[in-house]
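First the structure, in the form of structure tokens, and then the observations on it.
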Amino acid sequence: MTLDLGSLDASDAALDPVSARRQRVLGIVIQEYTKNAQPVGSHTIANSYELGVSAATIRNDLAALERDGLLTHPHTSAGRIPTDAGYRFFVHRLLTDQELSTTERTQIRGEFNQVQRELDQLLRTSTAVLARTSQNAALAIPPRAVESRFKHLELVEIHDTKVLLVLVLQEGAVKQQIFDLDAAMGQDELSRLSNELNAKLHDCTADQVDARLDGLPPDGSDALLMQQVALLVRDVMQRHDHQSGGEIYRDGLTQVLEAPEFVESASMRKIVRVFEHRSLLDQIIGDYLADGDVHVVIAGDGRYDDLADISLVIGSYGVSERAVGVVGVMGPLRMAYGRNISVVRFVAGLMSDMVQDIYGYLPHDAAGKERN
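Using my numbering, read the sequence shown as starting at 114 and increasing by one per residue.
This is how it looks when you write it as structure tokens:
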């Protein structure tokens with residue numbers, strides 16, 4: 114992890130020199146602890162960084178940061194380590210963008226370009242790239258419609274009054290349901306009715322189905338049958354919209370379990386449980402990804418007890434308001450936040466472009482960032 118220790122954001126410009134230096138000391142502690150997983154003392158900082166003050170002054174700064182709740186120290190060491198609050202302050206106030214190198218971007222883009230435009234392979238590639246580049250566990254959730262949209266239907270004669278509805282949604286989901294007609298109808302008539310409904314319902318959401326049928330004659334067998342099928346389509350689409358997304362793709366858990374934080378069996382079980390816990394991930398994703406940017410969740414941000422000692426960097430991809438999925442990395446609090454934010458954002462952008470290709474949506478940069 115790299116940190117621009119000589120620069121603070123605009124909100125820090127008015128800080129007195131002591132406060133500014135203490136923020137630099139906090140950044141140094143986090144940088145050193147991320148690299149070595151060892152408490153950081155004043156002599157280490159004084160000998161390795163040119164702050165223009167003595168080790169004694171730095172020791173006072175460390176004590177002040179501890180009083181502020183940003184650092185703590187293990188009982189067996191005089192050095193300090195960051196607290197949850199210290200990591201959050203660092204990420205939100207001190208961290209500067211750390212762009213991936215041109216070589217890394219070219220390599221990652223090349224890996225994606227070699228994959229067939231098939232969603233399963235793209236998701237597997239995304240987790241492999243994220244796990245390798247971040248040295249953390251990686252996850253990806255397939256895109257699903259924010260509101261599913263109608264693409265095509267077929268009505269297929271089965272027997273007597275029984276008919277099979279085959280409904281295809283824009284994001285590729287296929288739904289089937291058998292229902293009964295009031296009277297038997299041949300396949301030719303069912304196909305004609307299918308074509309009429311396809312024209313009327315093209316690209317509509319579940320909530321738009323009723324409006325698409327406005328203007329039909331209030332009576333007549335065709336009108337009644339079209340309304341019956343359309344209402345069935347609406348119900349199927351609404352059920353689909355309320356279902357959770359598909360499989361979670363995962364990679365890199367083994368390398369995270371090698372981190373010192375997860376050597377103990379209880380800590381190991383915790384991160385494995387979170388990694389496998391779909392409903393918890395769904396809740397976090399819903400809470401943090403409304404604006405489509407990359408988000409960092411540190412120790413659950415005080416909202417998720419299961420995430421104590423764990424950090425997540427997650428970002429959405431896809432087409433805003435159409436089909437949205439999630440990619441991210443998970444690891445110890447002691448992670449390289451700047452690098453992980455950059456790689457998640459870059460991979461999310463590449464996935465957005467490829468989802469547009471697969472589903473034929475108009476170009477839209479769901480990650481909102483340049484990917485040169």
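Beta carbons are placed, not taken as given, at the ideal position from N, Cα and C, and that holds for glycine. Keep in mind that this is a model prediction, so the values were computed, not measured.
- When only Cα atoms are considered, valine 242 and glycine 413 end up about 25 Å apart.
- The closest CA to that of arginine 201, considering only Ala297, Leu266, Thr240 and Arg447, is found on Arg447.
- Counting C-beta pairs closer than 8 Å gives three or more between the segment 149 to 156 and the segment 180 to 191, which meets the contact rule.
- Under the three-state reduction of DSSP output, histidine 265 falls in the strand class.
- Every alpha helix (DSSP H) stretch that sits fully inside the segment 153 to 220 and reaches 4 residues is listed by chain position as 155 to 161, 168 to 180 and 197 to 202.
- Boundaries of the beta strand (DSSP E) around alanine 436: 436 to 445.
- In chain order, Ala251, Leu252, Ala253, Tyr362, Arg363, Asp364, Gly365 and Val440 place their CB closer than 8 Å to the CB of threonine 240, counting only its own chain and leaving out the 5 sequence neighbours on each side.
- Close CB contacts of asparagine 453 within its chain, under the 6 Å cut and outside five residues either way in sequence, are with Ser247, Val426 and Val442 (chain order).
- Aspartate 174 sits buried, since 16 or more C-beta atoms from the chains shown fall within 10 Å of its C-beta.
- Counting of Cβ neighbours within 10 angstroms places glutamine 289 among the exposed residues, the total staying below 16.
- Unbroken beta strand (DSSP E) runs of no fewer than 3 residues, entirely contained in the segment 354 to 406, are found at 362 to 364, following chain order.
- With 16 or more other Cβ atoms inside 10 Å of its own Cβ, asparagine 249 counts as buried.
- The beta carbons of tyrosine 417 and isoleucine 397 sit closer together than 8 Å.
- Look at tyrosine 146 here: in three-state DSSP terms it is helix.
- In this structure, DSSP gives arginine 257 an extended state, which the three-state scheme calls strand.
- Your pair leucine 235 and methionine 467 checks out as a contact, with CB atoms roughly 6 Å apart and the cut at 8 Å.
- Cβ atoms of alanine 286 and serine 261 come within 8 Å of each other, at about 7 Å.
- In the structure shown, glycine 431 falls within a strand segment according to DSSP collapsed to helix, strand and coil.
- Counting along the chain, valine 242 sits inside the alpha helix (DSSP H) bounded by residues 232 to 247.
- With fewer than 16 other beta carbons inside 10 angstroms of its own, arginine 391 counts as exposed.
- Taking C-beta separations shorter than 8 Å and ignoring five residues to either side along the sequence, the partners of asparagine 311 in its chain run His265 and Leu266, following chain order.
- Assignment of glutamate 270 by DSSP, reduced to helix, strand and coil, places it in the strand class.
- Per DSSP, the unbroken alpha helix (DSSP H) holding valine 322 starts and ends at 322 to 325.
- Judged by their CB atoms, valine 342 and leucine 277 are not nearer to each other than the 8 Å cut-off.
- Listed in chain order, the non-local C-beta contacts of valine 456 below 7 Å within the same chain comprise Leu213, Leu243, Thr246 and Ser247, local neighbours out to five positions each way being set aside.
- Across the structure, alanine 372 and proline 445 are spaced so that their CA atoms are roughly 8 Å apart.
- For the 8 Å CB-CB criterion, glutamate 270 and glutamine 227 do not form a contact.
- The Cβ atoms of aspartate 293 and lysine 275 lie closer than 8 Å to each other.
- Taking each of Glu302, Val346 and Val166 in turn and checking the Cα distance to histidine 156, the smallest one comes out for Val166.
- Here aspartate 197 is buried. Its C-beta has 16 or more other C-beta atoms within 10 Å.
- Using a Cβ distance threshold of 8 Å, leucine 208 and glycine 431 do not count as a contacting pair.
- Within the model, the alpha-carbon separation for valine 460 versus valine 409 is close to 16 Å.
- Shown here, glutamine 341 sits in a helix according to DSSP, grouped into three states.
- Nearest neighbour of glycine 199 by Cα position, chosen from Gln340, Arg458 and Ile141, turns out to be Ile141.
- Straight across, the Cα-Cα distance linking leucine 139 with aspartate 395 is about 33 Å.
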